[in-house]
Amino acid sequence: MKKGRVRRVRPARIALNIGTVLFCAVWMFPVYWMVNTALKPSGDTLSPTPKFLPFPLSLANFADAVRKPHFSDYLVNSVIVTGVVVTLSVVVAFLAATALTRFRFFGRRGFLIGIMVIQMIPGPALLIPLFLSMKSLNMLDTLIGLIVTYSAFVLPLTIWVMRGFLHGVPVELEEAAMVDGASRFTVIRKVLLPLVMPGIIAASVFSSIVAWNDYIYAYVMMKDQSRYTLPVWLASFSTNIGTDYGGLIAGSTLFALPIVVFFMLIQRRLVVGMTAGAVKG
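Under this note's numbering, think of the first position of the sequence shown as 241, with each following residue one higher.
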């Protein structure tokens with residue numbers, strides 16, 4: 241009986257693995273340092289001697305952060321705005337992408353070019369026009385105005401992403417389902433949605449990041465402090481008197497946590513959706 245040959249590990253592969261580990265360590269170090277600093281006592285936050293382990297552990301910075309005025313209001317506002325923006329952008333982008341990939345109509349190519357051009361415009365450049373538009377519609381100082389603004393930002397890219405996924409789904413699958421008696425709604429629910437689930441999740445991640453992280457529009461369009469979102473709350477740790485670095489770092493950790501949790505929850509669905517799309521397509 242022949243003995244199994246021992247597989248030799250090439251030096252290039254070892255070097256590649258070491259380089260990958262080093263890259264991940266460098267990339268993750270700022271995140272680790274943020275959490276490490278947030279767990280330090282307030283006296284060690286600005287210490288000239290770095291401490292790589294937060295001993296003794298302290299939650300005082302987190303307590304100071306959540307005791308800031310209107311924290312609960314800001315948290316609720318951010319959750320509402322982000323949730324509605326993600327839902328609205330995904331639904332509208334899916335319907336628009338379906339129309340762009342399944343129907344031929346006048347101005348279709350110009351619409352696609354317009355989406356790309358709009359996506360290239362920097363967000364701050366549209367601040368004054370959007371402010372005046374929201375003012376004329378009496379939507380300033382309202383969460384609805386903020387939702388409409390964020391949706392306008394994320395829709396061009398989400399439509400483009402969804403179009404790419406729908407473009408890869410053969411039309412024959414829909415035609416075969418309709419020949420078997422399936423309605424258009426059934427085709428969308430049982431054929432298209434499972435195949436484009438990775439695109440839906442990618443659009444959801446992008447929309448949630450934009451709506452959750454924006455500061456300038458939430459600050460400019462809101463007058464009532466109780467209607468601010470969490471980015472404005474995070475900026476309140478820096479004042480003319482000084483900066484509360486302990487509270488700022490703890491607040492940044494709390495601010496980043498929901499997006500991390502959201503991504504971890506949908507990561508498996510993203511992989512499953514990609515696998516299902518590969519098999520069914």
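By construction, the Cβ of each residue, glycine as well, lies at the ideal position given by its N, Cα and C atoms.
Note that this is a predicted model, so its numbers are computed, not measured.
Under a three-way DSSP split, which group does residue i fall into?
i: S287; result: coil
i: S298; result: coil
i: S478; result: strand
i: T522; result: Since the first residue of the chain shown is 241 and the last is 521, residue 522 is not available in this structure.
i: T277; result: helix
i: P498; result: helix
i: T515; result: Any reading at T515 must be qualified, since the residue scores a pLDDT of 46, below 50, and its modelled position is unreliable; the value itself is stated next. T515: helix per DSSP, three-state reduction.
i: F346; result: coil
i: P471; result: helix
i: Y457; result: helix
i: V436; result: coil
i: V332; result: helix
i: G259; result: helix
i: K308; result: coil
i: M374; result: helix
i: G363; result: helix
i: M402; result: helix
i: D313; result: helix
i: F446; result: helix
i: V409; result: coil
Closest by CA to residue i, which one among the options?
i: P410; options: V431, L474, P296, V401; result: V431
i: A490; options: R253, Y272, T382; result: Y272
i: L470; options: I449, N480, T341; result: I449
i: Q465; options: A278, H310, G404, M418; result: H310
i: P434; options: W452, L406, D420; result: L406
i: T493; options: V261, T260, A303, S373; result: A303
i: G487; options: P270, P288, L299; result: L299
i: I384; options: Y457, A305, E415, V501; result: Y457
i: S373; options: S447, E414, M461; result: M461
i: N317; options: D381, T289, V500, M504; result: D381
i: F502; options: G482, N480, W452; result: W452
i: S329; options: I499, V445, G482; result: V445
i: S447; options: W267, V319, N480; result: V319
i: M437; options: E415, G408, R253, A339; result: G408
Under 8 Å Cβ to Cβ from residue i, same chain only, skipping five residues before and after it: list those, please.
i: A475; result: Y455, Y459
i: Y314; result: Y468, T469, L470, V472, W473
i: M418; result: R424, V427
i: L293; result: N276
i: M379; result: G385, V388
i: A252; result: none
Apart from the five residues just before and just after residue i, which ones in its own chain have a Cβ nearer than 6 Å to its Cβ?
i: D484; result: F477
i: G439; result: V401, M402, F405
i: F495; result: L470, L474
i: Q507; result: none
i: G244; result: For G244, the predicted structure reports a pLDDT of 49, less than 50, and the residue's modelled location is therefore unreliable. The matter cannot be settled from this model.
Just list the residues that DSSP pairs residue i with in beta bridges.
i: T426; result: For T426, which the question treats as bridged, DSSP gives no partner whatsoever.
i: T483; result: S478
Identify, in the order they occur along the chain, each residue of the same chain with its Cβ nearer than 7 Å to the Cβ of residue i, setting aside the five sequence neighbours on each side.
i: A336; result: I399
i: A333; result: L395, T398, I399, M402, A443
i: T277; result: T285, I489
i: A305; result: G487, A490, G491, L494
i: N301; result: A278, S282, G486, G487, I489, A490
i: T341; result: R403, L406, H407
(request) Evaluate the contact criterion for the stretch 319–328 versus the stretch 377–393: three or more CB pairs, one atom per stretch, below 8 Å. (result) yes
(request) Count the CB pairs spanning the stretch 359–368 and the stretch 393–402 that are closer than 8 Å, and state whether there are at least three. (result) yes
(message) For the structure I just gave you, are there three or more beta carbon pairs, one from the stretch 279–287 and one from the stretch 348–362, closer than 8 Å?
(response) no
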